[in-house]
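In my numbering, the protein residues as written are 8 to 362.
Virtual Cβ for every residue (Gly too), placed ideally from N, Cα, C.
Here's the structure, in structure tokens; my notes come after.
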Ligand code: SAH
Ligand code: SF4
């Protein structure tokens, strides 16, 4: 998308070429690279490079994300940014969330501006597709969150806006950069998909065993066809078979996401049906209370029903946890900050929830 080099899109060789063309000493490129990646510092803080060189680099290797809003919640444990990705004309809006937990710091990145998959309950799906993000734009989201973070980012999840496996090449290039240069372990890199079967197969061909999360939301094709239109193309059996292949190839435990929607997908019978489908896969199911969105009139399931659903899954031999909503007060679910920003500028919202 972008023309020319960018701060987190450029590879080491390109940076070496650039600095050589300026007549800089050979070790400067490595110094810059180590600063941006291993030290994870912003360019302005790389004082060993000297002010003149830093200024020149800032122009030659521009950042690609301009902040629109940044909001915090959960007593500072959750921060969410809405950025304008400035390549192209006009820029597009994308979101990133940083979440601190007791033992880790996780960044949730967007892989596309918008999404073409059209899941009915998802704010991003409701708004439609704008464009793919580049690997540099994905990596920059992690870098910018790291610069604002009080601890070292240990995990990255591709659970922001967009379908990462519909933008496979950029997603994978970002994964490799995060692994090789930010030093994030493969297990701590999670790619979440709505069930793009060819993408899951391609993922299985890679040597880096990242964690795969599959968004299910329904135990049968009839309901899933309604919630997740892609199910009509890749029905549950095919999605689960591809996920099973990934498990065999990578040895990584599978995760399944399941948004709990009041009276739609949350009955004990549906939990039983889901447990039967997932039996023997050694999978882990994350139950996520639905975040309400403007275009979907049904609320989240009540907590007791979610707890019962989880119990029923466990009784059927399937691991399940209820995921706490993070940053609900700042619309920190997929696509929601942007949806609100379009109607009225987002305001800073105070802390409301405990971890
Ligand atoms: N496109 C990928 C990754 C981005 S969405 C996917 O669908 O997996 C990340 C997660 O947020 C998915 O599990 C998605 O189903 C979930 N999600 C989307 N909208 C939501 C909402 N309104 N409430 C709760 N979870 C939601
Ligand atoms: Fe796209 Fe995921 Fe939202 Fe579905 S849930 S519309 S795949 S971002």
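Limits of the unbroken beta strand (DSSP E) element including residue i
i: residue 213; result: It is not in any beta strand (DSSP E) - residue 213 carries neither H nor E in the DSSP assignment.
i: residue 296; result: 291–296
i: residue 265; result: 262–267
i: residue 246; result: Looking at the DSSP string, residue 246 is not in any beta strand (DSSP E); the run it does join, the alpha helix (DSSP H), is 243–257.
i: residue 278; result: From DSSP, residue 278 is part of no beta strand (DSSP E) but of the alpha helix (DSSP H) over 275–285.
i: residue 197; result: 196–200
i: residue 92; result: 85–92
i: residue 113; result: 112–115
Member of the options whose CA lies at the smallest distance from the CA of residue i
i: residue 135; options: 170, 200, 41, 114; result: 170
i: residue 219; options: 47, 290, 141; result: 290
i: residue 209; options: 249, 59, 123; result: 249
i: residue 264; options: 222, 284, 304, 300; result: 222
i: residue 55; options: 70, 315, 36, 72; result: 36
i: residue 162; options: 119, 143, 106, 128; result: 106
i: residue 124; options: 254, 229, 189, 168; result: 168
i: residue 281; options: 225, 235, 67; result: 225
i: residue 234; options: 160, 190, 318, 130; result: 130
i: residue 304; options: 19, 76, 111, 127; result: 127
i: residue 311; options: 323, 274, 302; result: 274
i: residue 205; options: 175, 71, 308; result: 175
i: residue 199; options: 99, 116, 40, 71; result: 116
i: residue 118; options: 148, 29, 237, 76; result: 148
Helix, strand or coil at residue i [DSSP, three-state]
i: residue 97; result: coil
i: residue 76; result: strand
i: residue 32; result: coil
i: residue 107; result: strand
i: residue 162; result: strand
i: residue 102; result: strand
i: residue 68; result: coil
i: residue 174; result: helix
i: residue 127; result: coil
i: residue 326; result: strand
Endpoints, the alpha helix (DSSP H) within which residue i is located
i: residue 322; result: 310–322
i: residue 137; result: Note, residue 137: premise wrong, no alpha helix (DSSP H); beta strand (DSSP E) at 136–139.
i: residue 121; result: Counting along the chain, residue 121 falls outside any alpha helix (DSSP H), though it belongs to the beta strand (DSSP E) covering 119–121.
i: residue 229; result: 228–234
i: residue 56; result: Counting along the chain, residue 56 falls outside any alpha helix (DSSP H), and DSSP gives it neither H nor E.
i: residue 149; result: 142–155
Expected contact under 8 angstroms - CB spacing of residue i and residue j to nearest Å
i: residue 207; j: residue 172; result: 7 angstroms
i: residue 85; j: residue 79; result: 7 angstroms
i: residue 253; j: residue 211; result: 5 angstroms
i: residue 267; j: residue 294; result: 5 angstroms
i: residue 141; j: residue 279; result: Going by Cβ atoms, the distance from residue 141 to residue 279 rounds to 44 angstroms, so no, they are not a contact pair.
i: residue 65; j: residue 50; result: 6 angstroms
i: residue 151; j: residue 72; result: 6 angstroms
i: residue 68; j: residue 13; result: 6 angstroms
- Quick one: residues with CB closer than 5 angstroms to any heavy atom of the ligand GDP, in chain order, please. The ligand GDP is absent from the structure shown, which contains only the ligand SAH and the ligand SF4.
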